[in-house]
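Below you'll find the structure, written out as structure tokens, and then a few comments.
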């Protein structure tokens, strides 16, 4: 139990700081965190219905409508017909919307690269292997926990 | 650059899955993600003004008002006077509110413990040391990036 606690704490702070550094990008685009969360969902899930977005983010549909209006007028998302049900609108990222997510990811990766410079190359390599093993175990185990 | 990219991806998926497992707890409490985010902010930052919460989460003050109303009536948060300015209300976690965050953290830690069981004890120990080194570097470096 003790080891799991320590490792969870290390991973939590590590990922918290990487996330914070990455989201600095949003200032350049004048985007709120809530707007970014919508772009992120669309980036990783593909097209989504407004109702799915609001359920996944846990905010009211009326709130999402407001958030999306801003994203639409800035050209980061477009509405399209759901090919499975032409009465339903789905939301889709534009290339400008994708660009934002990719800039955030690039900044996270540049930051991690910079942080690795002060570590021995051997440690970085070992960390990669060990995190890979941990992630394998997490992927398998998560099937029973989700 | 390559190493930073790989490590960032490993950490991103690892933390994404741990987060997802932890948030399963919210189903038992019938809490939305947005409500949980508010509790989490209060847990880690202490008392906060509504305006600070809405700025940090990047949603309109009117949205936060709705989210907080639900949390208040469920007994997870209370409003109190800001000791620095008695005209202003601050939001505070109750012990029931704290309990939720602690249950999420406990579930995350139980999950990580379980995942470590399939790894050699030596790898777990090494991972702890190496992640500690990485986090040290991240803490130092983040000062220039935030």
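Residue numbers (my numbering), protein chains in the order written: chain S, -8 to 137; chain G, -8 to 137. We put the beta carbon where it would ideally sit given N, CA and C, even for glycine.
Spatial neighbours of residue i within its chain, please: CB distance less than 8 Å, with the 5 preceding and 5 following residues excluded, ordered by chain position.
i: residue 55 of chain S; result: 29, 41, 44, 45 and 48
Could you work out which residues of chain G lie near residue i, taking near to mean beta carbons separated by less than 7 Å?
i: residue 103 of chain S; result: -5, -2 and -1
i: residue 12 of chain S; result: 133, 136 and 137
i: residue 82 of chain S; result: Here the premise fails: no neighbours, minimum Cβ distance about 18 Å.
i: residue 77 of chain S; result: Those within 7 Å of residue 77 of chain S in chain G number zero; the least Cβ separation is about 30 Å.
By DSSP, does residue i sit in helix, in strand, or in coil?
i: residue 79 of chain G; result: strand
i: residue 40 of chain G; result: strand
i: residue 22 of chain S; result: coil
i: residue 32 of chain G; result: helix
i: residue 71 of chain S; result: strand
i: residue 84 of chain S; result: strand
i: residue 108 of chain G; result: coil
i: residue 14 of chain S; result: coil
i: residue 57 of chain S; result: helix
i: residue 103 of chain G; result: helix
i: residue 66 of chain G; result: coil
i: residue 50 of chain S; result: coil
i: residue 137 of chain S; result: coil
Under 7 Å Cβ to Cβ from residue i, same chain only, skipping five residues before and after it: list those, please.
i: residue 66 of chain S; result: 85 and 87
i: residue 20 of chain G; result: 91
i: residue 58 of chain S; result: 25, 26 and 29
i: residue 89 of chain S; result: 34
So which residues on chain G does residue i lean against when the C-beta distance must stay under 9 Å?
i: residue 125 of chain S; result: 1, 5, 103, 106, 107, 110, 114, 115 and 118
Taking C-beta pairs closer than 9 Å, name the residues in chain S that residue i reaches, listed in chain order.
i: residue 25 of chain G; result: 25, 48, 49, 50, 51 and 54
i: residue 128 of chain G; result: 105, 106, 107, 108, 109 and 110
i: residue 21 of chain G; result: Within chain S, no residue comes near residue 21 of chain G; the closest Cβ sits about 11 Å away, beyond 9 Å.
Whose Cβ in chain G lies nearer than 8 Å to the Cβ of residue i?
i: residue 15 of chain S; result: 136 and 137
i: residue 66 of chain S; result: Correct list: empty, because the minimum Cβ distance to chain G is about 19 Å.
Strictly below 8 Å CB to CB, what residues from chain S border residue i?
i: residue 30 of chain G; result: The premise fails here: residue 30 of chain G is roughly 12 Å from chain S at the closest Cβ pair, so nothing lies under 8 Å.
i: residue 122 of chain G; result: -2, 1, 2, 5 and 118
Note down, in chain order, each residue of its chain lying with its Cβ closer than 6 Å to the Cβ of residue i, except the 5 sequence neighbours on either side.
i: residue 37 of chain S; result: none
i: residue 106 of chain G; result: none
i: residue 17 of chain G; result: 27
i: residue 52 of chain S; result: 45
List, in order along the chain, the chain S residues whose C-beta lies closer than 7 Å to that of residue i?
i: residue 61 of chain G; result: Per Cβ cutoff of 7 Å: no residues; residue 61 of chain G is ~11 Å from chain S at best.
Q. According to a CB-to-CB cut-off of less than 8 Å, which residues of the region 33 to 55 of chain S neighbour chain G?
A. Residues of the region 33 to 55 of chain S that bring their beta carbon within less than 8 Å of a beta carbon in chain G comprise 47, 48, 49, 50, 51 and 54, in sequence order.
Q.
For the region 89 to 100 of chain G, list every residue whose C-beta sits within 7 Å of some C-beta in chain S, in sequence order.
A. Within the region 89 to 100 of chain G, contact with chain S at the beta-carbon level (separation under 7 Å) is assigned to 99 and 100.
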